[in-house]
Amino acid sequence: MMSSRDMGYDRAIVMYTPDGRLLQVEYASEAVKYGSPVVAIRGKDFAIAVTRTRDNDPLLDPIEKIHMIDDNIGAAGAGFTGDIGLLIDHARVQAQRHRMVFEEPVDVRSVVNTIGKFIYEFTRYGGVRPLGAALIIMGSDKAGKHIYQLDPRGVILSGKAMAIGKNCESATDMLRTEYRADLTVREAIDLALKALSKAEEKESPVEVGIAIGDSFRKMSLSEARALYP
Amino acid sequence: MTTTVGLKCSDGVVLASDRRASKGGMVGSKGVKKIYPLDDNKAVAIAGQLSDANYLINLVKAESKLMQFERGFPLSVSESAKLLSNILYNGMRSYAPFVTEMLVAGFDESGPRLFEADISGAVTEEKFTSSGSGSPIALGVLESSYREGVTCGEGSDIASRAVKAAMERDPGSGNGIMVLRITKGGMEWSNVGGAE
């Protein structure tokens with residue numbers, strides 16, 4: 078019997094396999110698994126994410142992984158850099174559009190929903206390629222502190238702790254056993270780093286994103302350690 | 007209607023305005039804000055159609071923020087003024103002009119800067135300037151009082167005297183004065199009179 082692959086069900090994303098799968102979308106999710114991991118944790122009054130910058134070549138500047146979306150929201154991606162950039166641009170425009178209409182900072186959920194729909198549309202049409210990017214979006218708004226996760230299917234997940242990218246299952250397993258609701262910022266960063274090293278053995282500089290108070294900031298690990306001893 | 011005044015000082019730049027919003031021959035509002043910050047070191051003073059000005063300010067703020075995230079550092083004062091004037095020019099050329107005149111003031115790497123952008127999209131750099139219906143009167147005060155190298159303290163005094171003179175003789179201006187000083191250290195607001 079021929080496999081669904083041999084029968085060409087992975088040629089077009091608008092085509093289901095007989096058992097109801099969209100192979101191109103699944104392949105896109107596979108691409109994300111090669112991306113460098115990001116770990117995020119939500120505490121009582123903060124949300125953080127840690128990730129390592131990519132610096133394979135000492136001659137090149139490390140590529141930044143955490144991106145500002147607005148003063149109160151940040152994001153980090155795993156997968157194709159270009160696809161992540163497209164989503165970041167889209168999120169930033171959405172945040173500023175909200176400010177123009179309401180003269181208020183945008184809430185995290187609205188940005189996440191917009192980006193989720195945007196990603197999802199790439200799974201519905203022929204002639205396009207599903208985006209090979211997963212995103213963690215974190216931030217602060219009137220409803221509190223949030224972390225959200227978006228994948229190439231456009232699925233939105235929110236929660237207390239999560240990981241995307243390479244070996245994210247190992248990182249998530251660790252978070253599952255060691256997460257506590259009363260973590261301090263420092264403890265959350267340390268736990269996230271521990272989970273990150275479960276997923277990836279690397280020495281490159283760590284970037285930290287922190288949503289606390291009304292704002293989101295990105296910083297180096299040493300800055301974060303100095304601010305939250 | 008309105009009187010706005012801007013002047014460049016040795017250590018910063020000053021914007022001042024009255025607080026009156028006119029609705030035809032009536033005083034529409036007695037405590038309106040005519041000076042808006044664009045970010046931590048830039049602000050605009052507006053005259054003309056309030057709705058047009060509010061929309062423009064929001065648009066410029068949004069575009070500047072996107073630009074800043076993209077390139078990693080904020081727009082200079084002259085870049086902000088040019089961005090604003092490009093939108094004004096587009097408005098005029100598409101027969102839907104923004105009926106407003108704005109003073110763009112701020113402090114950046116090149117020091118204190120002051121620009122004026124009008125409905126046609128023309129943008130000029132000035133040492134001191136005024137716009138709105140009270141500007142002929144305010145400019146009289148500025149022409150006789152402004153000296154190059156005034157400090158922000160003296161500048162605020164000259165600016166509020168210019169607005170005050172306009173408020174005395176121009177029926178479109180009144181109800182108190184708002185002054186903003188922008189220096190290297192940031193922004194400092196002061197209000198004289200006007201409804202809260």
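Chains A and B, in that order, are what the protein sequence lines are. Position in the first sequence (first residue = 1) + 77 = the working numbering. Position in the second sequence (first residue = 1) + 6 = the working numbering. Every residue, glycine too, gets a C-beta built ideally from N, C-alpha and C. Treat the numbers as computed from the prediction; the structure is a model and nothing was measured.
Hey, residue 189 (chain B) and residue 18 (chain B) are a contact pair by Cβ (cut 8 Å); roughly how many whole angstroms apart?
4 Å
Is it the case that the stretch 209 to 229 of chain A contacts the stretch 176 to 187 of chain A, given that we only count it when at least three CB pairs across the two stretches are under 8 Å?
yes
Would you please verify whether the beta carbon of residue 75 (chain B) is less than 8 Å from any beta carbon of chain A?
yes
Give a yes or no on whether 8 Å exceeds the smallest Cβ distance from residue 173 (chain A) to chain B.
yes
The beta strand (DSSP E) spanning residue 60 (chain B) covers which residue range?
Element bounds for residue 60 (chain B): not the beta strand (DSSP E) but the alpha helix (DSSP H), 56 to 77.
Can at least three beta-carbon pairs, one atom from the stretch 201 to 210 of chain A and one from the stretch 223 to 241 of chain A, be found at a separation below 8 Å?
yes
Pick from B:54, B:70 and B:35 that is closest to residue 47 (chain B), judged by C-alpha positions:
B:70
If we count Cβ pairs, one from each stretch, closer than 8 Å, do we get three or more for the stretch 281 to 297 of chain A versus the stretch 78 to 91 of chain B?
no
Cβ of residue 151 (chain A) within 8 Å of Cβ of residue 286 (chain A)?
yes
Span of the beta strand (DSSP E), counted from its first residue to its last, around residue 187 (chain A):
From DSSP, residue 187 (chain A) is part of no beta strand (DSSP E) but of the alpha helix (DSSP H) over 185 to 198.
Please state the DSSP three-state secondary structure of residue 295 (chain A).
strand
Within this structure, are the beta carbons of residue 132 (chain B) and residue 120 (chain B) separated by less than 8 Å?
yes
When the cut-off is 8 Å and only beta carbons count, does residue 190 (chain B) lie next to chain A?
no
So with Cβ pairs under 8 Å, would you call residue 39 (chain B) a contact of chain A?
no
Below-8 Å beta-carbon distance, residue 91 (chain A) vs any chain B residue:
no
Please classify residue 122 (chain B) as buried or exposed, where buried requires at least 16 neighbouring CB atoms within 10 angstroms.
buried
Between which two residues does the beta strand (DSSP E) holding residue 198 (chain B) run?
192 to 198
Contact residues within the stretch 146 to 174 of chain B, judged by C-beta distance below 7 Å to chain A:
none
Measuring CA to CA, which of A:187, A:195, A:122 and A:255 is closest to residue 161 (chain A)?
A:195
At the 8 Å Cβ level, is residue 36 (chain B) part of the contact set with chain A, yes or no?
no
List, in chain order, every chain A residue whose beta-carbon is nearer than 8 Å to that of residue 68 (chain B).
173, 174, 176 and 177
What does the Cβ neighbour count give for residue 140 (chain A), buried or exposed, with the cut at 16 atoms within 10 Å?
exposed
If distances are taken between C-alpha atoms only, which option among B:75, B:56, B:142 and B:116 comes closest to residue 104 (chain B)?
B:56
Residue 240 (chain A): which of A:281, A:252 and A:116 sits nearest, CA to CA?
A:116
Against chain A, with Cβ distances strictly below 8 Å, would residue 65 (chain B) count as a contact?
yes
In terms of residues, what are the limits of the alpha helix (DSSP H) holding residue 255 (chain A)?
245 to 255
Proximity of residue 157 (chain A) and residue 126 (chain A) at Cβ, strictly below 8 Å:
no
Chain B contact residues for residue 169 (chain A), given Cβ-Cβ distances below 7 Å
72 and 75
Chain-ordered chain B contacts of residue 180 (chain A) [CB-CB under 9 Å]
60 and 64
Just the C-alpha distance for residue 224 (chain A) and residue 264 (chain A), rounded to the nearest angstrom, thanks.
17 Å
Beta-carbon of residue 145 (chain A) versus every beta-carbon of chain B: anything under 8 Å?
yes
For residue 119 (chain A), which of A:300, A:297, A:268 and A:278 has the nearest alpha-carbon?
A:268
Measure the beta-carbon distance from residue 124 (chain A) to residue 276 (chain A) and round it to whole angstroms, keeping in mind my assumption that it falls under 8 Å.
Not quite, the Cβ-Cβ distance comes to about 19 Å (not below 8 Å), so this is no contact.
To which residues of the same chain is residue 156 (chain B) closer than 8 Å at the C-beta, ignoring the five residues directly before and after it?
13, 15, 16 and 164
Could you work out which residue in A:242, A:102 and A:306 is closest to residue 155 (chain A) when comparing CA atoms only?
A:242
Do you know how far the Cα of residue 28 (chain B) is from the Cα of residue 36 (chain B)?
9 Å
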